[in-house]
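**Student:** Please find one structure pasted underneath; my questions will follow.
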Amino acid sequence: MRRKGFAASAVVLLMLLVTTMACFAEAIVEVDDSVEEQTVLKGTKTVIKVFETTDMHGYIIDASSMNEETFQYRLAYLANVVNQARAEYDDVILLNGGNNYEGTPVSNLLKGAAIRAAFDLMDYDGTAMGNHEFDWDNIKYRINADAEGTIGTYEVGSFKGDSDVPVLASNLYYKATGEGKEIAVDTSARGTGTLKAE
39 MRRKGFAASA
49 VVLLMLLVTT
59 MACFAEAIVE
69 VDDSVEEQTV
79 LKGTKTVIKV
89 FETTDMHGYI
99 IDASSMNEET
109 FQYRLAYLAN
119 VVNQARAEYD
129 DVILLNGGNN
139 YEGTPVSNLL
149 KGAAIRAAFD
159 LMDYDGTAMG
169 NHEFDWDNIK
179 YRINADAEGT
189 IGTYEVGSFK
199 GDSDVPVLAS
209 NLYYKATGEG
219 KEIAVDTSAR
229 GTGTLKAE
């Protein structure tokens, strides 16, 4: 299990490295046609704000230890920070490194549906799979990717949805057959405002 968690983290770190390198590349970038006419010149700087979460373990609200030094902000706080960044910058990327669901009573009882809903509403650009994504039956509870390679459907009371957040795992195969998996995708291409990474 440790190897799977490491692999998921490595995927996210690789995505962050590529994104950082793209900030300094002196090349013409693809411009989204839906954005007003722009000129992107060689050597110009583009600010890309990157946010990454990991090991959410079902925590949607802040987890207070009553000690300011160890206080941990969770998705409720982060959603506000990301929305502020999206209002100020054209290019904002929001990623998650895995270990999303198992941990809190609400998440455990709903088999991760509340976190899937939160990731969808926050418009994550992608999430990797951590070792705890294998704690429950992935197919039965729609925990990881559906047929489109995105986070599975969710239902929290009368609130229902189907996310388009990609679930990434490039080295996940069935041990017995060596065949590819049906609960994640290898890659994803997403646009962020004016830029598109593939």
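Residue numbers for the sequence shown follow the working numbering, beginning at 39 and rising by one. Even for Gly, the Cβ is constructed at its ideal location relative to N, Cα and C. Computed from a prediction, not measured in an experiment: that's the story for all the values here.
1. Please list the terminal residues of the continuous beta strand (DSSP E) segment that includes LEU133.
2. Taking C-beta to C-beta, are LEU113 and ILE98 nearer than 8 Å?
3. Under three-state DSSP, which class holds TYR211?
4. So, at 7 Å on beta carbons, what are the nonlocal neighbours of ASP71 in its own chain, with the 5 sequence-adjacent residues on each side left out?
5. Closest to TYR139 by CA distance: which of GLU217, ALA166 and PHE197 is it?
6. According to DSSP, simplified to helix, strand and coil, what is ASP200?
7. Classify LEU252 as helix, strand or coil using the three-state DSSP reduction.
8. Between the C-alpha atoms of HIS95 and GLY141, what's the straight-line distance to the nearest angstrom?
9. What is the rounded straight-line gap between the Cα of THR92 and the Cα of ALA207?
10. Compare the C-alpha of ASP158 against each of VAL144, PRO204, ASN209 and GLY216 and name the closest.
11. Excluding the 5 residues flanking GLY164 on each side, which residues of the same chain have their C-beta closer than 6 Å to its C-beta?
**Tutor:** A quick look at the data gives this:
1. Residue 133 sits at position 95 when you count from the first residue of the sequence shown. It spans 129-134 - the beta strand (DSSP E) in which LEU133 sits, taken as one unbroken run.
2. In the sequence shown, the residue the question calls residue 113 occupies position 75. In the sequence shown, the residue the question calls residue 98 occupies position 60. Yes; because the gap between Cβ atoms is below 8 Å, this pair is in contact.
3. Residue numbering aside, residue 211 sits at position 173 when the sequence shown is read from its first letter. In the structure shown, TYR211 sits in a strand (DSSP, three-state: E or B).
4. As a first step, residue 71 must be located in the sequence shown, where it is residue number 33. A caution first: ASP71 carries a pLDDT of 43, below 50, which makes its placement in the model too unreliable to give a value.
5. Walking along the sequence shown from the start, residue 139 turns up at place 101. Nearest of GLU217, ALA166 and PHE197 to TYR139, Cα basis: ALA166.
6. Residue 200 sits at position 162 when you count from the first residue of the sequence shown. Strand.
7. It is not possible to answer for residue 252, since the shown part of the chain is limited to 39 through 236.
8. Looking up residue 95 in the sequence shown gives position 57. Looking up residue 141 in the sequence shown gives position 103. Using only the alpha carbons, I get a separation of about 5 Å.
9. To locate residue 92, count along the sequence shown from 1; it is residue 54. To locate residue 207, count along the sequence shown from 1; it is residue 169. THR92 and ALA207: Cα-Cα distance of roughly 15 Å.
10. In the sequence shown, the residue the question calls residue 158 occupies position 120. Of VAL144, PRO204, ASN209 and GLY216, the residue nearest in Cα terms is PRO204.
11. Along the sequence shown, one-based indexing puts residue 164 at 126. For GLY164, where only same-chain residues beyond five positions count, the Cβ hits under 6 Å are LEU133, PRO204, LEU206 and SER226.
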